[in-house]
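Chains A and B supply the protein sequences, listed in that same order.
Residue numbering for the first sequence follows the working numbering, starting at 5 and increasing by one per position.
Residue numbering for the second sequence follows the working numbering, starting at 716 and increasing by one per position.
Where a beta carbon is used, it is the ideal one built from N, C-alpha and C, also for glycine.
So the structure is just underneath, and the comments pick up after that.
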Amino acid sequence: MSDTPAQRIQRAIGTAEERVAFVDHLSDDTATSIADVIEARLIEEDRELDAAAERAAADLPFYVAPFVRVLLG
Amino acid sequence: MTTPMNAPLETRAELMRWQRLLDLSKTQRDALAGPDAAQLKRLRGDIETAVFERRRPRFKRLARLVGVFPAGTLARLAQHSFGPRLAGRLVGEMDTLRAVKVAKRLPAAFIADAAPEIDPARVRPIVAQLPAELVRDAALVLIKRDDPVVLGRFADALSAPAIRAVVDAVDDDATLLHIAFAMTDKTQLTRIVQLIDNDRVARIMRTGTTRELWPEALSIVDNVDTATAGRLAGLMAEQDTDTLDDLVTVADRQALWPPVLRAIKRMDARYHRKIVNLPALRDEALLGRLIVAAHEHGLLDIALPLTAPMRADAQRAVAHAALRQDDEIADAVLWAAHRAGAWREALTLAAHLDDAERDRLSQLPALTQRRLLATLLESATQTGHTALVHDVVDRMTGPARQQVATAVVARDGETLGRLIERAENDADWALITTIVGALDEENDRQTATDRIQARGTNATERFKDAAIAQNRWQGFAPLFDEPAA
Chain A
5 MSDTPAQRIQ
15 RAIGTAEERV
25 AFVDHLSDDT
35 ATSIADVIEA
45 RLIEEDRELD
55 AAAERAAADL
65 PFYVAPFVRV
75 LLG
Chain B
716 MTTPMNAPLE
726 TRAELMRWQR
736 LLDLSKTQRD
746 ALAGPDAAQL
756 KRLRGDIETA
766 VFERRRPRFK
776 RLARLVGVFP
786 AGTLARLAQH
796 SFGPRLAGRL
806 VGEMDTLRAV
816 KVAKRLPAAF
826 IADAAPEIDP
836 ARVRPIVAQL
846 PAELVRDAAL
856 VLIKRDDPVV
866 LGRFADALSA
876 PAIRAVVDAV
886 DDDATLLHIA
896 FAMTDKTQLT
906 RIVQLIDNDR
916 VARIMRTGTT
926 RELWPEALSI
936 VDNVDTATAG
946 RLAGLMAEQD
956 TDTLDDLVTV
966 ADRQALWPPV
976 LRAIKRMDAR
986 YHRKIVNLPA
996 LRDEALLGRL
1006 IVAAHEHGLL
1016 DIALPLTAPM
1026 RADAQRAVAH
1036 AALRQDDEIA
1046 DAVLWAAHRA
1056 GAWREALTLA
1066 AHLDDAERDR
1076 LSQLPALTQR
1086 RLLATLLESA
1096 TQTGHTALVH
1106 DVVDRMTGPA
1116 RQQVATAVVA
1126 RDGETLGRLI
1136 ERAENDADWA
1146 LITTIVGALD
1156 EENDRQTATD
1166 RIQARGTNAT
1176 ERFKDAAIAQ
1186 NRWQGFAPLF
1196 DEPAA
C-alpha cells in the first residue's frame, strides 16, 4: 500500500506523525499536491546546493578549491 | 468554508509564509486556510528545518576552513564564489563577531539576496549587531522586491537603531504594516512599536484603518502588551464614524470579530460608547454572526459588558439577535453574564425581548442551574429587575420554577431576604408569591412565610394581596395560621 500524503511529508522532512496528520484531512488531490511540492522543494534545495558548490569550487583560488570540493562534494 | 479572506489573522500570516517557502498554487494555499495556525506553523517550521539542516555538518566544516581567511577575503569569496545560497548557509555556522565583520564588507543587495537562505534562529546575535545603515539598505532592497515575509523573519532580532533607521527610511506606512503582519515571532512587537515615535505610530495606525489594511492593523493590536494595545486601539477608535462603520462591515465579512473584540476590550472605556453605537451595529444578522463568533472564541464575557453603553435601540437589536441563535449559544450568553458579573447588562437586554422571546428564554437549560440562578437573582434584586425575572419565571415549566425557588431559599434564605426587601420597596410581591408557590418542601415554605411575617403586618398583608391576585392564597393560608377559605 502506498504512503498517504502525510506519510510522504513525514518521511521527506523527518517529523512526527501528529505534526503532519492534518494534511490527510485535506482533499486527496490537494494533500497529494502539497506533498509533491514539499518533496520537490527539498530536491530543488539539494540541486541548488550542488550547483552552488560546483560554481564556488570552480571559482575559488586553487589553494581552497580542493577543500571546498571535498567538504561540499 | 474558511478561505484566506476569512481565516484567523495568524493563519493568514502563516499562509504568506507557506507561499514564500513553497510557492504554492492558489488551490493549495486556499486549502491550507482550514487547519489552525498552530498546526501550519509547526509543519512550516519543520519544513524550514529540513531545508536548513540539509548538509549542515558540511557547512559547519567549511565555515571552520574559511574561518582562517581575513574578513575582506571572505566577503569577496562570498560574493564572487559562494553566492547568496552558500553564503547564507555558512553565516549560520560562523562565530558572531567574525560574521558581523564579514557582513560589514558586503553590499546591502548581496545581504538581501542571502537573507532568504539564512536560518533566522542561527543568526539572531549577528543580526542584532549589524550596523543600522546596512540593515536599512538591505531592508529597502527587500521592500523593493515586495518580500515582507523575509523581512518579517528577521524583524524581531533587529537592534533599536536598526529599527529606527528602517522606519525612518520607509515612508509608506502600508509597507510597515505588511512587515509587522508577516513577522514570524511577534513577541518583540511591543518593543518595536515602543521604539517608533508617537506621531509615526499614530500615522501607521490611521493608515491601518483603510479597508485593505484593517487585518494588518488589528494583528498589531492583538500582538502587543495590554498598555500598547490600548493606545493603538484608541488611535483606531478616533477615526470618524463612516470609517469605523466601514471597518465593522469588513470585520463581519472577514470574520475578524475575535481580534476586534479584544481590541475594544483593551482600548480606553471612553471609546466604547462611540464604537458600540455605530450604525452598522444595528444589523441583527451581523450582530448574530458577532455573537456566534464571540461564543466560538470564548469572548462572550468580553462582548456582553460592551452592551452597557449601547443606546436602547442597539440593545434591542442585540437582544433579538442573541435569542435568534440556538439554545447552546443563548445559554452561553447567560453563563457569560454569570461569569463576567454582567447580569445588569443581560437583564437590561432581556427587558427588550418580546413575548415569544421571553417564552424561549424561560426554557433555556441554564436557568435551571442553581449557581447561575443565585447570581442572577442577587443581581435582579440590586438592579430592580425583579418584575422582569418574575415574568420569565412565570413562563417556566414547573420543575424549572422549582429550581429557581430552591435557589432563592438556599444559603439560609439570604437571597429571599433581599427579595422581600425589594418587594417592600417596589410594592411588588408577585415574584415572592410565585417563588413560595413553587417550593415543594413544606419546611421551605414555612421558613419563607415565617420570614415574610417577621417583616411585620404590612409585609404579610401585601404578600396576601399578591397571593390572592395570583389565586394562590388558599395554599398559603395555613402557613399563616389563617383559614384557607
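With a cut-off of 8 Å, does the C-beta of residue i fall near any C-beta of chain A?
{"i": "A872 of chain B", "result": "no"}
{"i": "T899 of chain B", "result": "no"}
{"i": "D761 of chain B", "result": "yes"}
{"i": "A765 of chain B", "result": "yes"}
{"i": "S796 of chain B", "result": "yes"}
{"i": "L737 of chain B", "result": "yes"}
{"i": "L801 of chain B", "result": "yes"}
{"i": "R727 of chain B", "result": "no"}
{"i": "R860 of chain B", "result": "no"}
{"i": "R770 of chain B", "result": "yes"}
{"i": "R776 of chain B", "result": "yes"}
{"i": "Q868 of chain B", "result": "The sequence shown places Arg at residue 868 of chain B, rather than the Gln named in the question. Cβ-Cβ to chain A under 8 Å: no for R868 of chain B."}
{"i": "G918 of chain B", "result": "Reading off the sequence shown, one finds Arg at residue 918 of chain B, where the question assumed Gly. No - not a single Cβ of chain A is within 8 Å of the one on R918 of chain B."}
{"i": "R773 of chain B", "result": "yes"}
Would residue i be called buried (16 or more neighbouring beta carbons within 10 Å of its own) or exposed?
{"i": "N1186 of chain B", "result": "exposed"}
{"i": "I1006 of chain B", "result": "buried"}
{"i": "I47 of chain A", "result": "exposed"}
{"i": "E725 of chain B", "result": "buried"}
{"i": "L812 of chain B", "result": "exposed"}
{"i": "K859 of chain B", "result": "exposed"}
{"i": "P750 of chain B", "result": "buried"}
{"i": "S31 of chain A", "result": "exposed"}
{"i": "P772 of chain B", "result": "exposed"}
{"i": "E832 of chain B", "result": "buried"}
{"i": "D1148 of chain B", "result": "Reading off the sequence, residue 1148 of chain B comes out as Thr, not Asp. T1148 of chain B comes out buried."}
{"i": "F66 of chain A", "result": "exposed"}
{"i": "H1100 of chain B", "result": "buried"}
{"i": "Q1118 of chain B", "result": "buried"}
{"i": "D1074 of chain B", "result": "exposed"}
{"i": "G1056 of chain B", "result": "exposed"}
{"i": "M951 of chain B", "result": "buried"}
{"i": "G1190 of chain B", "result": "exposed"}
Compare the C-beta of residue i with all C-beta atoms of chain B and state if any pair is closer than 8 Å.
{"i": "A39 of chain A", "result": "no"}
{"i": "S6 of chain A", "result": "no"}
{"i": "T1 of chain A", "result": "Any question about residue 1 of chain A goes unanswered here, given that chain A covers just 5 to 77."}
{"i": "F66 of chain A", "result": "no"}
{"i": "D50 of chain A", "result": "yes"}
{"i": "R73 of chain A", "result": "no"}
{"i": "D28 of chain A", "result": "no"}
{"i": "A47 of chain A", "result": "In the sequence as presented, Ala is not what sits at residue 47 of chain A; that position holds Ile. Not closer than 8 Å to any Cβ of chain B, the Cβ of I47 of chain A fails to qualify, so no."}
Ordered list of alpha helix (DSSP H) runs contained in the stretch 731–805 of chain B, each at least 4 residues: 741–746, 752–768, 771–781, 786–792
The stretch 7–20 of chain A: positions lying closer than 8 Å to chain B by Cβ: I13, A16, I17, G18, T19
Interface positions of the stretch 742–762 of chain B facing chain A (Cβ-Cβ less than 8 Å), listed along the chain: T742, Q743, A746, L747, G749, P750, Q754, R757, L758, D761, I762
Any alpha helix (DSSP H) of 4 or more consecutive residues that is wholly inside the stretch 839–913 of chain B: 847–859, 863–869, 875–884, 888–897, 904–910
Members of the stretch 804–829 of chain B that neighbour chain A once the beta carbon cut-off is set at 8 Å: R804
Chain A contacts from the stretch 778–795 of chain B (Cβ-Cβ distance under 8 Å): L780, V781, L792, H795
Secondary structure, alpha helix (DSSP H): runs of 4+ residues fully inside the stretch 1066–1120 of chain B: 1070–1077, 1085–1098, 1101–1109
Contact residues within the stretch 1039–1065 of chain B, judged by C-beta distance below 9 Å to chain A: none
Contiguous beta strand (DSSP E) assignments of at least 3 residues, all confined to the stretch 994–1025 of chain B: none
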